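**Q** Sharing a structure below in structure tokens format, with a few things to ask.
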Amino acid sequence: MGIGSLKLDNLDTLIEKVLDGYLAYGPIAKDGEYAFELIKPGIKPYLGCAVTMLPAKHVLQPVNQMLFSFWLGNGFKIEEPALDTKLAILGISPCDVHAVLALDRVFGGTFVDPYYWERRKNTLIIAANCTEVARESFCTSWGTGPELYSNYDLLLTEIADG
2 MGIGSLKLDN LDTLIEKVLD GYLAYGPIAK DGEYAFELIK PGIKPYLGCA VTMLPAKHVL
62 QPVNQMLFSF WLGNGFKIEE PALDTKLAIL GISPCDVHAV LALDRVFGGT FVDPYYWERR
122 KNTLIIAANC TEVARESFCT SWGTGPELYS NYDLLLTEIA DG
């Protein structure tokens, strides 16, 4: 694993590159709160430490999931949806990465959820270390943050003088 740096001014370029190849989700400000939503061009995700109203788990385990569709007519046809969409979770906090690891254990245990695992294996995890701990956070009590040392594809840490 290598270490590099990126000036804060160039963060938009990184986000554009991610959006070129992935359906990307990140913490988006909405009515003074944050929720993991689809990142659209021109919308910047919040990469600081924030407790989100809608967590990152909804990217990997959506509320609605099409399992199959079928047609009646000239015979009977069942079709499963394509599950190869490349996803990215941008700005996921260390404690949310630990929550994803818990989901991995639940959906990869005795009874494997193939829909979860297809989404998971096609997901790029771009985590962001918390440089300040949110007032509502309890990650230090659980040992899940505010910094992350593994289980990510790319880790962002804001440093002084950007």
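Residue 2 is where the sequence shown starts when you use this note's numbering, and the numbers rise one by one after that. For glycine and all other residues, C-beta sits at the position ideal for the given N, C-alpha and C. All values reported here derive from a predicted model rather than from experimental measurement.
Rank Glu148, Ile40, Ile160 and Gly109 by C-alpha distance to the C-alpha of Asp13 and give the top, closest one.
**A** Your numbering for residue 13 matches position 12 in the sequence shown. The residue with the shortest Cα to Cα distance from Asp13 is Ile40.
**Q** Hey, Asn130 and Leu149: beta-carbon distance below 8 Å or not?
**A** Residue mapping note: residue 130 aligns to position 129 of the sequence shown, counting from 1. Residue mapping note: residue 149 aligns to position 148 of the sequence shown, counting from 1. Yes; because the gap between Cβ atoms is below 8 Å, this pair is in contact.
**Q** Are the beta-carbon atoms of Tyr116 and Leu84 separated by less than 8 Å?
**A** For this step, residue 116 is matched to residue 115 along the sequence shown. For this step, residue 84 is matched to residue 83 along the sequence shown. Yes, Cβ-Cβ distance for Tyr116 and Leu84 is below 8 Å.
**Q** Looking at the secondary structure, which residues open and close the alpha helix (DSSP H) in which Glu119 lies?
**A** Here residue 119 corresponds to residue number 118 of the sequence shown, with the count starting at 1. Note, Glu119: alpha helix (DSSP H), Pro115 to Lys122.
**Q** Starting from the Cα of Lys26, find the closest Cα among His59, Thr132, Lys8 and Trp72 and give me that residue.
**A** Translated into the one-based positions of the sequence shown, residue 26 becomes position 25. Contrary to the premise, residue 26 reads as Tyr rather than Lys in this sequence. The option with the nearest alpha carbon to Tyr26 is His59.
**Q** Once you ignore the five residues that flank Asp154 on each side, which residues in its own chain have a CB closer than 6 Å to its CB?
**A** Translated into the one-based positions of the sequence shown, residue 154 becomes position 153. Excluding sequence neighbours, Asp154 sits near Leu125 and Ile126.
**Q** Can you find at least 3 beta carbon pairs, one from the stretch 94 to 101 and one from the stretch 52 to 71, that sit closer than 8 Å?
**A** Segments in contact, yes.
**Q** DSSP puts Leu157 in a beta bridge; with which residues?
**A** Numbered from 1 along the sequence shown, position 156 holds the residue referred to as residue 157. Bridge partners of Leu157: Ala129.
**Q** If we require 4 or more residues per run, which alpha helix (DSSP H) segments fall completely within the stretch 29 to 58?
**A** None, since the stretch 29 to 58 contains no complete alpha helix (DSSP H) of that length.
**Q** Does Gly22 pass the burial test, meaning 16 or more other C-beta atoms within 10 Å, or should it be called exposed?
**A** Translated into positions along the sequence shown, residue 22 becomes position 21. Classification for Gly22: exposed.
**Q** May I ask you to check if the CB of Ala89 is nearer than 7 Å to at least one heavy atom of the ligand ATP?
**A** Although the ligand ATP was asked about, the structure shown includes no ligands whatsoever.
**Q** Helix, strand or coil for Leu15? Go by DSSP, reduced to three states.
**A** Here the question's residue 15 lines up with position 14 in the sequence shown. Leu15 falls in the helix class under three-state DSSP.
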